Amino acid sequence: MRANLLRALLVAGILIDVGFLLINLSPARPHLSARRKAKVVMRASAARVAWVKQNQLDEFGAANDIDFEVVPAKSFEEVLEILRQEKAHPSGILLADIDDELADNARSEGLVRSVQSAASAAELAAMAPTYLPEAMSRATSDGTIWFIPKRALVDVAVWLKPAVEDAYLHWQELRPQIDAALKEANGVGLPASYQLEKSPDHWDTYDLFVAAWTWAHRPAEWAAAPGEAASTAPRMAFRTGNNEDATDDLFGAFFRLGMKVDDPLRLDARPVLDWMQWEALFRKHHLLAPECEKPEGIDSFGVNSLLHERKLAWAPIDQADSLWLHGGARRDGDAGMAGASDLAWSTMPAGASLEMDARREPARAGRSFSLEEVHFWTIPIHAPHPGLAFQLARFLTQTGLHQRETEAVGLLPVRQDLRDEYPVVFRLEWMQQMLDASYRQLDRGSGDLPDEVTDQGLDKQFNALRERVLSAPVEVTAAGVRARVQSFEKEAAHGR
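Using my numbering, read the sequence shown as starting at 79 and increasing by one per residue.
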């Protein structure tokens with residue numbers, strides 16, 4: 079009997095040793111579950127795809143026995159097309175990212191499933207307060223949650239502190255010329271109570287014009303490289319031309335001058351005429367960077383490059399581009415521009431009309447406003463494991479990973495806890511300032527580009543109108559601008 083017991087113990091010991099041997103063959107998976115394969119679609123650069131896979135997806139995959147393949151896309155339009163193909167020919171895509179502009183298309187075409195069909199009531203209840211209310215609002219349609227907020231982007235103003243200080247100290251020297259230029263446009267000049275605000279956070283369109291004029295007419299010591307003589311050049315930029323960035327700048331300006339979301343998008347709307355008159359005044363005196371005046375215009379990449387070379391003092395920028403411009407918030411991040419400590423951020427300037435009232439003050443005062451973009455995680459209609467897809471999206475936007483992604487690739491966090499605690503969570507002062515300006519922009523004024531702008535081709539129409547108004551010889555009076563707009567309207571009505 080004792081012999082039988084010893085043999086049994088020996089066999090058991092051998093089996094245990096074999097078990098440990100098998101475990102050691104795959105130490106990352108001691109539970110020995112069968113590994114699955116899954117695809118995630120992302121609109122991202124190769125570098126960003128690699129970062130997300132290494133720092134986020136692989137961690138989730140190790141815990142859940144999943145080998146992830148990232149399918150990169152160059153645009154969200156390409157993501158939408160991939161989702162169409164996935165509906166017709168399922169290939170195992172678990173999750174995809176998409177922006178708020180195309181999310182409705184994905185939903186209406188039946189390309190994706192609702193979050194509520196993939197998560198329990200308890201999971202949904204826990205999810206809702208996690209994200210910013212505006213992000214959850216865009217993720218929801220007719221009371222149904224369709225998407226999981228991933229990140230946000232909103233344009234703010236970036237500027238160089240020594241350049242703003244120089245304008246503040248010296249603009250009065252150029253006041254006669256500034257007054258004369260404005261008087262040609264509005265018959266009055268500067269507002270009666272005008273003084274240049276010290277901080278761009280309190281600027282309006284007049285401050286923008288005064289600063290641009292001063293920079294264009296004074297040698298920029300702050301822009302000169304060591305040993306190089308200071309030169310005079312336009313130091314401000316907006317995105318221009320027929321591109322998405324230019325459309326955002328154009329419609330953002332309309333909203334700053336009083337346009338409302340529900341207003342009809344008319345070419346002769348008062349906010350449109352007001353901004354076109356300002357644009358004409360900037361163009362006549364060549365106050366924007368020369369690249370802005372080229373027929374092809376300039377997009378975000380071009381503006382960011384000029385900022386990186388310290389050729390600009392002020393321009394609009396989002397959070398991802400701010401990270402590239404300044405340099406990474408993590409030790410392994412890329413270096414940014416020379417003298418990055420000179421950078422500062424603020425909300426976009428409030429709108430103000432060139433037309434004056436009887437008190438010699440702007441007849442129409444607007445507000446600060448910027449277009450906000452929200453990106454989502456979405457679950458394809460034929461996702462092999464919808465519940466797992468929901469868990470993955472929640473994992474990718476948990477506090478720690480969301481913070482790390484913000485610091486590594488640049489975004490505006492959509493988690494409520496990070497918004498509440500960003501001055502503590504993000505320890506670098508420049509990132510605190512950038513996020514502070516971004517969240518204050520959401521509070522002061524932000525929104526989505528109306529769907530009909532792109533659906534009806536109004537983006538191209540309004541950009542064409544801008545080029546007509548700015549064609550030589552430039553008219554800067556309200557009557558002259560209106561005449562250009564009316565002429566353009568007549569030609570558009572006749573199909574020319």
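Backbone N, C-alpha and C fix where the C-beta goes; we use that ideal spot for every residue, glycine too.
None of the values given here were measured: they were computed from a predicted structure.
Buried or exposed for R313, going by 16 or more other Cβ atoms inside 10 Å? buried
How is the beta strand (DSSP E) around M120 delimited, first residue to last? R114 to R121
Comparing C-alpha positions only, which one of T555, V554 and R546 sits nearest to K568? R546
Note down the Cα distance separating R107 from Q469, rounded to an integer number of angstroms. For R107, the predicted model reports a pLDDT of 49, less than 50, meaning its position is unreliable; a value from the coordinates is still stated below. Taking the straight line joining both Cα atoms gives about 20 Å.
State buried or exposed for A203, treating a residue as buried only when at least 16 other CB atoms are found within 10 Å of its CB. exposed
Looking at the unbroken alpha helix (DSSP H) that takes in P394, where does it start and where does it end? It is not in any alpha helix (DSSP H) - P394 instead sits in the beta strand (DSSP E) that spans W392 to I395.
Per DSSP, cross-strand counterpart(s) of L454: First, the amino acid is wrong: residue 454 is Phe here, not Leu. Answer is I176 and P227.
Using the C-alpha atoms, what's the distance from I459 back to E387? 46 Å
Sorted by chain position, which residues of the same chain lie with C-beta nearer than 7 Å to W353's C-beta, five sequence neighbours on each side aside? A331, F332 and L335
What residue from T475, V232, D521 and G535 has the CA that sits closest to D575's CA? The requested residue 575 does not occur in the structure, where the chain is confined to residues 79 to 574.
Spatially closest choice to W291 from L359, P269 and A303, by CA coordinates: L359
Taking the runs of the alpha helix (DSSP H) that are 4 residues or longer, which of them lie wholly in the region 208-279? 211-217, 239-248 and 253-264
Could you check where the beta strand (DSSP E) with E147 kicks off and where it finishes? I144 to A151
Would you say the region 519-537 touches the region 317-332, given that touching needs at least three Cβ pairs under 8 Å? yes
V492 in three-state terms, based on DSSP: coil
Using the Cα positions of V554 and S383, report the straight-line distance between them to the nearest angstrom. 30 Å
Restricting to Cα atoms, I'd like to know which of P462, S448 and N320 is closest to T425. S448
Once the 5 residues before and after K165 are set aside, which same chain residues still bring their CB inside 6 Å of it? L189 and I459
Beta-carbon proximity check, L210 vs Q510, cutoff 7 Å: no
So, at 8 Å on beta carbons, what are the nonlocal neighbours of H363 in its own chain, with the 5 sequence-adjacent residues on each side left out? A259, W291 and A294
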